[in-house]
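Note that this note's numbering has the sequence shown beginning at 314, numbered continuously upward.
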Amino acid sequence: MKVLYLLNYAGKAGTERYVETLVRYLNHTRVEAYFAYNEGGLLVERLKAMGVPCRRVEMRRRFDFKAARELADLCKEWDIDLVHCHYLREHYTALLAKQYYPRIRVVYTNHFVLANNAVTRMSNRWMDKRQDQMIAVCNKGREQLIANGWSGDRIHVIFNSVDPAVWAGDRSSSTLRQELGIPEDRFVMLCASRFAEDKGHKYLIDSVKRLTQITDVPFTLVLAGDGPLLEETKAHAEALGLTEEQVRFIGFRKDIKNLYKASDLYVNSSQHEALSYLIIEAMAAGLPVIATDMGGNSDIVNDEAGCGLLVTYDDPVSMSDAMKRMLEEPEFLAQCRQGALRTIDEKFEIHKWMDKTFSVYEAAMAR
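And the structure:
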């Protein structure tokens, strides 16, 4: 089966990781992978390095008939069977391309839990008759897709997944503590989210300030990533009197496993999450998790999983109390570590994800 993965911006966020993982594990086994994009970035470099044919298709808006015709021509040239897309702009483009090349099928993965406005809901219902199959990466995502106007009978919930073998190993494999001058016995928390409005860094810094007032356990919060609010967040930490021993900004890093292995805890402070790759990667690396009770986070962190704690978004008291418990209760921390590893094997293992995703491809081709 020839599958064209279609993405507007081919950068370095979670959706790009989703596409890269699909290609890495499905290409040359079950599918022959191709890639088209509008704005290039790190993902294009990575896919080209894997030998995947890549082509730019300019997509200016959702109802872009010129882009749809160009995509249809590209599908004819490459003899594509199925287009797998990830945001509304390219989703609409792929659905419109079917009128120029009717043989292609379209699968759409929704990576957000966000309500559409009335106009978009109306256009979704109109485009729904062209849709073949959809994937929601969390249960709340499926509910939101239906509320946004899509037919529920073609929506499958398939959690994002990871390969446990990729994230195996212990702290001895990490060089981060040595690089940053952090002692081996100091408690390290990691957050690797992009510095953007919905990632909650301001209140996360507020939480750390409060944590310094309610615990005597030495700790460092390592903040990895870049983004428009990076400098503003640094200034906020400085204004609160937080030292480099308490908060370290290390910029965007490609060696994410190195960061996980140096840490004792992963922290997610986001307002919007569907199903975070960073959280499940951290768990696969053996880290307990503190996460906001938003979007699909409760599909990962819950009583059954026993892998960490859910906290209230934008509530420094809730966040810092959870951090304090992790710092001061080593037995609970160890239980969460074991729960994280078990939950990855049971719910977020890569080969199960591949089987489920390929089954959706087959269902789309059968329509």
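The beta-carbon is built from N, C-alpha and C at its ideal position, and this holds for glycine as well. Note that the structure is predicted; figures quoted are calculated from it, not measured.
Within the model, the alpha-carbon separation for Asp658 versus Ile592 is close to 14 Å. Residue environment for Arg416: exposed (fewer than 16 other C-beta atoms within 10 angstroms of its C-beta). Inter-residue distance for Asn610 and Ser633 is about 18 Å (C-alpha atoms, whole angstroms). The shortest CA-to-CA distance from Glu551 to any of Ala618, Val426, Ile527, Ile518 is the one to Ile518. Between Thr533 and Gln559, the beta carbon gap of about 6 Å places them in contact (Cβ cut-off 8 Å).
Tyr338 is not bridged by DSSP to any residue. Residue Asn571 holds the alpha-carbon nearest to the alpha-carbon of Glu594 among Asn571, Met440, Asp606. In the three-state reduction of the DSSP assignment, Ile471 falls in the coil class, being assigned neither a helical nor a strand state.
Remark: C-beta atoms of Gly538 and Ala505 approach each other more closely than 8 Å. Along the segment 579-624, the beta strand (DSSP E) occurs as fully enclosed runs of 3 or more residues at 602-605, 621-624, listed in sequence order.
Proximity to Glu557 across Asp577, Val521, Leu600 peaks at Val521, based on C-alpha coordinates. His397 sits in a strand when the DSSP states are folded into three classes. Here Ile471 is buried, its C-beta having at least 16 other C-beta atoms within 10 Å. Lys570: member of the alpha helix (DSSP H) spanning 569-575, first to last residue.
The Cβ neighbour count for Gly353, taken over all protein chains shown within 10 Å, is under 16; the residue is labelled exposed.
Under the three-pair Cβ rule at 8 Å, the segment 338-356 does not count as touching the segment 429-440. No Cβ-Cβ contact shorter than 8 Å links Tyr413 with Met667. For Thr525, there is no enclosing beta strand (DSSP E); the enclosing alpha helix (DSSP H) covers residues 514-527.
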